[in-house]
Amino acid sequence: MEANKINIQSQLETITEFWSLKELAKVNNHAIKIFKLKGDFEMHKHDNGDKVLLIVEGTMFVEFADRTEEIRTGEFIVIPSGVEHKPYVKDGASALMFEQL
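Numbering (full-length UniProt numbering), first residue to last: 1 to 101.
Spelled out as structure tokens, the structure:
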């Protein structure tokens, strides 16, 4: 396998729809995806493994049954498999997601 450099900002510029995932790479049995966020997403859960969301730019809120977490630029959150959550963004943000294939 050859080492490949990926420019996150350049990849973000190609995304035209909010909440639309773009796969950047596969590493072992995980995918690295990037997306832009704005507004509300539905309450949901992931049954196929934990998710890691790293905020590249902006601020994202994640609502859980018992609390709401605020994740800012440079911070990440681990969403455990099977846990219901609702992400939302007030002013726009972008994130990397790491998920099991």
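Backbone N, C-alpha and C fix where the C-beta goes; we use that ideal spot for every residue, glycine too.
List the endpoints of the continuous beta strand (DSSP E) containing residue i.
{"i": "I15", "result": "Taken as a continuous stretch (DSSP letters only), I15 belongs to no beta strand (DSSP E), as it is neither H nor E."}
{"i": "A3", "result": "First-last for A3: undefined, no H or E at that position."}
{"i": "L101", "result": "From DSSP, L101 is part of no beta strand (DSSP E); its letter is neither H nor E."}
{"i": "L21", "result": "No beta strand (DSSP E) contains L21, which DSSP labels as neither H nor E."}
Would you call residue i buried or exposed, if buried means 16 or more other Cβ atoms sit within 10 Å of its Cβ?
{"i": "S94", "result": "buried"}
{"i": "V89", "result": "buried"}
Can you give me the Cβ contacts of residue i inside the same chain, cut-off strictly under 7 angstroms, excluding the 5 residues immediately before and after it?
{"i": "E23", "result": "A31, K33"}
Within a Cβ cutoff of 8 angstroms, which residues of the same chain sit near residue i, ignoring the five residues on either side of it in sequence?
{"i": "K43", "result": "Per the sequence shown, residue 43 should be read as Met rather than Lys. Answer for M43: E63, E84, H85, K86, listed in chain order."}
Apart from the five residues just before and just after residue i, which ones in its own chain have a Cβ nearer than 6 angstroms to its Cβ?
{"i": "E99", "result": "A31, K51"}
| What runs of the beta strand (DSSP E), each 3 residues or longer, lie entirely inside the UniProt domain "Cupin type-2" (39-90)? | 51-57, 59-63, 68-72, 76-79
| query | Do the region 69-79 and the region 2-21 meet, that is, are 3 or more Cβ pairs less than 8 angstroms apart? | reply | no
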